[in-house]
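Quick note, the working numbering runs 13 ahead of the 1-based positions in the sequence shown.
Note that beta-carbon positions come from the ideal geometry of N, C-alpha and C, so glycine has one too.
Working notes for the structure below.
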Amino acid sequence: MVQGQPIIEVALDGIETRKHTRFQDKQLGALKLPVYSGDDDISGVIEVKMNKQKKIEHLGIRVELIGRIEILNDQKQSSDFMSMSRELEPQGFLFEDKTYKFQFQKFEKQYESYYGNTVRLRYYLKVYMVRSYGKVQKEVDFAVLIPQPELEDQPQTSLKLEVGIEECLHIDFEYFKSRYHLRDVVTGKVNFYLVKIKIKYMELAVIRKEQYGQGPQQQTDNETLVKYELMDGCPQKGEVIPIRLYLSGVDVTPSVKNVSGKFSVKYILNLILVDEDDRRYFKQQEITIYRKK
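Right, dumping it as structure tokens:
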């Protein structure tokens, strides 16, 4: 007769009053995770249930706190950047349901949680019981969010760019800021100095660029998060079109560069003009997105 598997359950302390945040993961779907930041501890209660067994032999029960970067289409590149472990029970036998308290105090929160198309940076608790023929385990994800007051306090600079086609088109556009918080508004203007082509419309797109891998092995995934029409119809010479795009409705995260030598996340504003022959003229500008304190 094969023994049944025990059941492991994890209850985090203070979960009802703790702030939660949402992520959209391509594989896992919509996630709502409790948030830990600053010097927060993480603690709770682990319950191991016998699941109708009279006696369970095991080689030890442990809880681990893990920070892991997962490259979703190349698991060989995935690795842990943090791992802490506590023993709950040494090798032996269980004869009844057991409850264990655990705590990881002021654990290091080096990177912010991220769930993207090709990369996932996750923090999770893993509770496992080792048995002679494998493990019984349970994983519970949580989120780490890191405010960036140093970016908030720096003086802003505007971004100015020109788009020109000789004898046909000359415009310049300006974004009033180069750095934006997650619920900010992108504002600016487009000036038309010369317009000798029939423009159908102009739009602004926000592109997220995920890069992972090193050197010639580097891979890039581009995703257009939103497109916003700035103008419909052909502008006149001297016309000024205002730019206003609310980031609060867009699924943006803080920009990050070379996280643990594994990946970067950049955001690009792409201004696109389309003429009557469906030719597209565009200019891209990288911006920095940060989390307010």
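Excluding the five sequence neighbours on either side, which residues of its own chain have a C-beta within less than 6 Å of the C-beta of residue i, listed in chain order?
i	result
Gln-104	Leu-72 and Gly-73
Asn-235	Ile-220 and Lys-222
Lys-240	Glu-216 and Ala-218
Lys-270	Ser-277
Val-272	Tyr-124
Lys-39	Asn-130
Pro-162	Lys-306
Leu-25	Gly-57
Near residue i, what residues of its chain come up, given a Cβ to Cβ distance below 8 Å and the 5 sequence neighbours on each side ignored?
i	result
Cys-247	Val-208, Lys-211, Ile-212 and Lys-213
Ile-178	Ile-210 and Tyr-294
Pro-160	Ser-50, Arg-304, Lys-305 and Lys-306
Thr-301	Leu-164, Ser-191, Arg-192, Tyr-193, Ser-268 and Tyr-280
Lys-68	Phe-106, Leu-107 and Phe-108
Gln-231	Gln-224 and Tyr-225
Val-150	Note that residue 150 is Gln in the sequence shown here, rather than Val. Around Gln-150: Ile-21, Lys-139, Val-140, Tyr-141 and Met-142.
Just to confirm my understanding: we take residue i, look at its own chain, exclude 5 residues before and 5 after, and list those with CB closer than 7 Å. What are they?
i	result
Ile-28	Pro-47
Glu-121	Met-95
Lys-119	Asp-52 and Asp-54
Check each candidate in the options and name the one with the smallest Cα separation from residue i.
i	options	result
Ser-96	Phe-106, Gln-88 and Gln-123	Gln-123
Asp-291	Lys-67, Gln-224, Leu-238 and Met-215	Met-215
Glu-60	Arg-75, Phe-117 and Phe-189	Arg-75
Asn-130	Gln-224, Leu-78, Ser-56 and Gly-251	Gln-224
Lys-190	Gln-169, Lys-67 and Lys-119	Gln-169
Gly-251	Asn-271, Lys-202 and Gln-230	Lys-202
Lys-148	Val-287, Ile-84 and Gln-18	Gln-18
Tyr-23	Asp-53, Phe-36, Lys-45 and Lys-62	Strictly speaking, residue 23 in this sequence is Val, with Tyr absent from that position. Checked all of Asp-53, Phe-36, Lys-45 and Lys-62; the closest Cα to Val-23 is Lys-62.
Phe-12	Leu-44, Asp-264 and Ile-79	There is no way to answer for residue 12, as the model of the chain reaches only from 14 to 306.
Leu-44	Tyr-127, Gln-167 and Asp-288	Tyr-127
Leu-286	Leu-258, Val-263, Ile-20 and Leu-243	Leu-243
Glu-70	Glu-77, Ser-92, Ile-84 and Glu-102	Glu-102
Asp-110	Leu-134, Ile-84, Glu-100 and Lys-65	Lys-65
Tell me whether residue i is buried or exposed, calling it buried when 16 or more other Cβ atoms sit within 10 Å of its Cβ.
i	result
His-33	exposed
Val-15	Confidence is the limiting factor: at Val-15 the pLDDT is only 46, short of 50, which leaves the residue's position unreliable and the question unanswerable from this model.
Lys-275	buried
Thr-112	exposed
Tyr-136	buried
Leu-41	exposed
Lys-139	buried
Val-58	exposed
Ser-56	exposed
Ile-256	buried
Val-253	exposed
Mind reading off the beta-carbon distance from residue i to residue j? Whole number of angstroms is fine, and I expect it under 8 Å.
i	j	result
Leu-284	Asp-197	Incorrect: roughly 18 Å between the Cβ atoms, too far for contact.
Val-132	Ile-82	7 Å
Val-265	Leu-158	Rounded, the Cβ-Cβ distance is 14 Å, inconsistent with contact.
Gln-298	Tyr-188	7 Å
Ser-98	Glu-77	5 Å
Legend entry - the segment 170-180 in contact with the segment 141-153 per 3-pair CB rule at 8 Å: no
Legend entry - Cβ contact check for the segment 147-159 and the segment 86-96: 3 or more pairs under 8 Å: no
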